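The structure under discussion appears below in the form of structure tokens.
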Amino acid sequence: MNDLRRWSGVRVAITGGTSGLGLALVRELRARGAEVALIARHREQVERMASETGAHGIVGDMSNKEDIHRIAMQILGRLGGLDVLVNSASSLGPVPLALLADTECEDFELALATNVLGPFRLTRSLLGALAATARERGSAVVLNVSSDAAVNAYATWGAYGASKAALAHLTRIWNEEMIGEGVRFLNVDPGDMDTSLHALAVPDADRSTLKRPEEAAREMADVIAGALFERRAVESSASDMRLGPGLRRDDESGRRRDDCPRVIPGERSEVRDPICDMRLGPGLRRDDETVR
């Protein structure tokens, strides 16, 4: 089906929509025919990008709880409902990145406020509208932008990684609770991109090795389309996706279980690698495997 026809009438709200991946996704979905509202903090940038893309511009700070209700009301007022919410706004925490021992509580709180509490509050405010859309049209989607740092532990990425890990698990729980209502929650890691946020975090990175935000936006739009139009089953175990050279689900190749230490029954076990999650129950389980 022609993309313009398929996306016509689809109402999308994107936070962090004036730069990086958020802006690339605004442009991609506008090109496909969706009606889009972009949300960001700085009025001048919001007005300029809204004019350039034809999107609705909404000024608001995702880290400020006082802004969230107004943002939600403006989204519904401008769009007349909501099919897709993309939580893309992010904060690194301290810049330059710092070891946890050197991270100020205020920087950690900012990362949590922007990356976890903001998306939670906005999603909660819009959940009724999303559920109404799902009843009327068959489905609605919430996509939360994740990161490799949500899965793997990297020195100096503590505030960002911990907040993104919290968002990822929040997404899985939302999906478990709302899949029966037709609202699908997706946790998508777009991979390392050539954005201003990445440049702040890794100023000496080789930009030629980084993905362009436009490429990630196309892949992400396809993921949304699969959940929204084709209504592919989104089970809680498959709600995590990583966009790399190809499209990968964590359970297939995004999670590096080979890095985990082997546990030998009868021997004292040590968790030597922070990448590995272990649960002690009736058996000794690593991630979703059982070690007997």
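Start counting the sequence shown at 173; every next residue gets the next number (this note's numbering). We put the CB at the ideal spot given by N, CA and C, even for glycine. Only a predicted model underlies this, so the values are computations on that prediction, with no experimental measurement involved.
By the three-class DSSP mapping on this structure, what secondary structure does residue i have?
i	result
G234	Contrary to the premise, residue 234 reads as Met rather than Gly in this sequence. Three-state result, M234: coil.
A331	helix
G252	coil
N229	Before going on, a small fix: residue 229 reads as Gly here, not Asn. Three-state result, G229: strand.
T190	coil
V182	coil
A203	helix
A148	There is no way to answer for residue 148, as the model of the chain reaches only from 173 to 464.
S218	Ser is not the amino acid found at residue 218; the sequence shown has Val there. Three-state result, V218: helix.
L257	strand
A196	helix
A389	helix
A168	Because the chain in this structure spans residues 173 to 464, residue 168 falls outside the shown range and cannot be described.
E224	helix
V435	Bear in mind that a pLDDT of 32 at V435, under 50, signals an unreliable position, so the number given afterwards is only what the model happens to contain. V435: coil per DSSP, three-state reduction.
D239	helix
D274	helix
D412	strand
Would you grab the beta carbon distance between residue i and residue j for me? Rounded to a whole angstrom, and I think it's under 8 angstroms.
i	j	result
L358	A399	6 angstroms
V395	V360	6 angstroms
G192	V198	Not really, about 11 angstroms apart at Cβ, beyond 8 angstroms.
L201	V184	5 angstroms
A312	V256	7 angstroms
E353	A303	5 angstroms
V258	S335	Contact doesn't hold; Cβ gap of about 17 angstroms is too wide.
Please work out which residues of its chain come closer than 6 angstroms, Cβ to Cβ, to residue i, disregarding the five sequence neighbours upstream and downstream, and give them in chain order.
i	result
A222	G229
A285	S235
L272	G330
A389	A196, L197, E200
For residue i, collect the residues of the same chain with a Cβ closer than 8 angstroms to its Cβ; drop the 5 residues on either side in sequence, then sort them by chain order.
i	result
G181	E207
D175	R204, G205
A393	L197, E200, L201, R204
E386	A196, R199, E200
Who are the near neighbours of residue i in its chain, counting only those whose CB is closer than 7 angstroms to its CB and skipping five residues on each side?
i	result
A301	L248, G253, L254
H241	S297
S368	S191, G192
R293	K237, I240
A244	L294, S297, L298
Does the region 264-280 come within contact of the region 237-256, defined as at least 3 CB pairs closer than 8 angstroms? no
Along the chain, which unbroken stretches of the alpha helix (DSSP H) at least 4 residues long are found entirely within the region 285-367? If you keep only unbroken alpha helix (DSSP H) runs of at least 4 residues inside the region 285-367, you get 290-309, 330-350.
At least 3 beta-carbon pairs within less than 8 angstroms: the region 274-282 vs the region 225-232: Judged by Cβ distances under 8 angstroms, the region 274-282 makes no contact with the region 225-232, as fewer than three pairs qualify.
Stretch-stretch touch, CB-based, cutoff 8 angstroms, three pairs: the region 203-210 with the region 231-239: no
Would you be able to state if there are at least three C-beta pairs under 8 angstroms between the region 340-348 and the region 313-321? Short answer: they touch.
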